[in-house]
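According to the working numbering, numbering within the sequence shown proceeds without interruption in unit steps and concludes at 106.
Positions of the beta carbon are idealized from the N, C-alpha and C atoms, including for glycine.
What follows is a short report on a single structure.
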Amino acid sequence: MSESNSVLIGNKPVMNYVLACITLFHGGAKEVNVKARGRSISRAVDVVEVVRRRFLPDVKIKKIGIGTQPMAPREEGGTPTNVSTIEITLEH
């Protein structure tokens, strides 16, 4: 799957990401990846549920992947931290 079929979740409202997913599906994409890290994971789950339950009921969850990414220290001499990640693949 190409990276152009990915929706990266951040701090914007949920409906902005829902619209991005719907636009990708209407543009001919068979699969859409919803990716998030850290505190945005709950927003990613909300996006997927709104897409499935309100707008495109025939969309199915194909795969859910979770993991951890190491993050560089924020300041010089700090300790590196880990951040959780999720990748949800939807198929139409």
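So what's residue i in DSSP terms, helix, strand or just coil?
i   : result
V21 : strand
V73 : coil
Can you name the start and end residues of the beta strand (DSSP E) that residue i belongs to?
i   : result
E89 : That residue, E89, is in no beta strand (DSSP E); it is neither H nor E in DSSP.
Output the distance between the C-alpha atoms of residue i and residue j, rounded to the nearest integer angstrom.
i   : j   : result
G91 : P84 : 16 Å
M15 : H40 : Confidence in M15 is poor, its pLDDT being 45 and thus under 50, which makes the residue's placement too unreliable to answer from.
A50 : K76 : 17 Å
Which residues mark the beginning and the end of the alpha helix (DSSP H) in which residue i is found?
i   : result
A28 : Strictly speaking, residue 28 in this sequence is Val, with Ala absent from that position. Segment V28 to H40, the alpha helix (DSSP H) holding V28.
Taking its Cβ as the centre, do 16 or more other Cβ atoms sit within 10 Å of residue i, making it buried, or is it exposed?
i   : result
T95 : exposed
I23 : buried
S54 : buried
N25 : exposed
Problem set entry | 4 or more residues per run - each alpha helix (DSSP H) lying fully within the segment 42-71 | Listed in chain order, they are 55-64.
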